[in-house]
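Q: This note's numbering applies: residue 2 is where the sequence shown begins, and numbers increase by one.
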Amino acid sequence: MNKAIGYILLVVLVLAAAIPLYRYLTKERVYYTEIEGIVELHSNKWDHETLSFYFQYPHYVEQHFLAYPDTATGAETTVNFEDGCTFVGAAQVRPQNITLYGNYMQPTGALWKYQLTRSLNLGGLVGVSGTAELTMPFTMNNCNYTVNIVWVRPSGVKVFLDDGVNPKTELKKPLL
Numbered sequence: 002m003n004k005a006i007g008y009i010l011l012v013v014l015v016l017a018a019a020i021p022l023y024r025y026l027t028k029e030r031v032y033y034t035e036i037e038g039i040v041e042l043h044s045n046k047w048d049h050e051t052l053s054f055y056f057q058y059p060h061y062v063e064q065h066f067l068a069y070p071d072t073a074t075g076a077e078t079t080v081n082f083e084d085g086c087t088f089v090g091a092a093q094v095r096p097q098n099i100t101l102y103g104n105y106m107q108p109t110g111a112l113w114k115y116q117l118t119r120s121l122n123l124g125g126l127v128g129v130s131g132t133a134e135l136t137m138p139f140t141m142n143n144c145n146y147t148v149n150i151v152w153v154r155p156s157g158v159k160v161f162l163d164d165g166v167n168p169k170t171e172l173k174k175p176l177l
C-alpha cells in the first residue's frame with residue numbers, strides 16, 4: 002500500500018514538472034537576423050517563413066523637397082504622393098546636404114519616423130546619418146504582431162516586437 006502511494010506521488014510530481022517544461026519547450030520564440038541593414042524575423046512557429054524588412058531611404062520625399070526648395074524651410078508641411086503615401090514633417094536643404102525629419106505613412110499601415118541627413122556630394126546611402134524607425138503591423142499564423150525596427154545610420158539596428166499579449170520586447174540575435 003505504501004509503495005502504491007509512493008508511485009502515485011512520483012507520477013504526480015513528474016506530471017507537475019512536465020507541464021511547465023512542455024510549455025517552455027513549445028513557447029513561441031521570435032528572433033531576428035540582420036545582414037547589411039536587412040532585418041529578417043524568424044520564429045519556431047512559422048516553419049521556414051521569414052519576414053524581411055529593408056532600410057528605406059525616403060527618396061520620393063527628398064526629390065519633392067529638392068524640386069520645390071521653397072517648401073524646405075524647416076516648417077512642418079504635408080506632402081501627399083500618387084501611390085497613397087503621405088509625409089508629414091519638415092526638411093532643410095543646404096548646398097551640401099538635406100535633412101528630413103517627420104513621419105512617412107504608407108497605405109500598408111507601415112509608419113516610418115525619419116530623422117536623417119544625407120550628403121548631396123556623396124552618392125547612394127554612403128552619406129546618410131540619423132535614424133529611421135519603422136512600425137508595421139502584420140499577421141502570421143492567425144496571430145497579430147507589431148514590429149518596431151530602428152535603424153541608426155551608419156551603425157546599428159534594434160528590433161522590438163509587440164504580440165498584443167506581452168509588452169513590447171526587444172528581440173535578440175541568435176548566438177551563432
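Where is the CB? At the ideal position from N, CA and C, for every residue including glycine. What you are looking at is a predicted structure, and each value in this text was computed from that prediction instead of being measured.
1. Considering only the alpha carbon of each residue, which of V129, G131 and Y146 lies closest to M137?
2. To the nearest angstrom, how far is the alpha carbon of R30 from that of I150?
3. What residues in its chain sit with their C-beta under 6 Å from that of Y33, if we drop five residues either side in the sequence?
4. How about Q116 and T132: do their beta carbons lie closer than 7 Å?
5. Around the Cβ of V13, are there at least 16 other Cβ atoms within 10 angstroms (buried) or fewer (exposed)?
6. Terminal residues of the continuous alpha helix (DSSP H) containing V65?
7. Just to confirm, are T87 and M106 a CB contact at a threshold of 7 Å?
8. Can T118 and N104 be called in contact, C-beta distance under 7 Å?
9. Between the C-alpha atoms of L101 and H49, what's the straight-line distance to the nearest angstrom?
10. Does the distance from the CB of A91 to the CB of G75 come in under 7 Å?
11. How would you label V148, buried or exposed, when you count the other beta carbons within 10 angstroms and need 16 or more for buried?
12. Within 10 angstroms of the Cβ of A73, are there 16 or more other Cβ atoms? Answer buried if so, exposed if not.
13. Have a look at L112 and V89 and give me their C-alpha separation to the nearest angstrom.
14. Between K169 and the rest of its own chain, which residues show a CB-CB distance below 6 Å, the 5 nearest in sequence each way excluded?
15. V15 to V166, Cα distance in whole Å?
16. Locate the beta strand (DSSP E) running through V80, then write down its first and last residues.
17. Going by DSSP in three states, R24 sits in which element: helix, strand or coil?
18. Mind checking which residues open and close the beta strand (DSSP E) that includes R119?
A: Once the coordinates are examined:
1. When the alpha-carbon of M137 is set against those of V129, G131 and Y146, the nearest one is in Y146.
2. Roughly 18 Å separates the two Cα atoms.
3. V40, L42, V160 and L172
4. Yes; because the gap between Cβ atoms is below 7 Å, this pair is in contact.
5. exposed
6. The sequence shown places His at residue 65, not Val. Unbroken alpha helix (DSSP H) run through H65: H60 to A68.
7. yes
8. No, the pair does not count as a contact, with Cβ atoms beyond the cut-off.
9. Cα to Cα, the separation comes out at about 37 Å.
10. With a cutoff of 7 Å on beta-carbon distance, A91 and G75 are scored as near each other.
11. buried
12. buried
13. 11 Å
14. F161 and D163
15. 29 Å
16. T78 to N81
17. helix
18. L112 to S120
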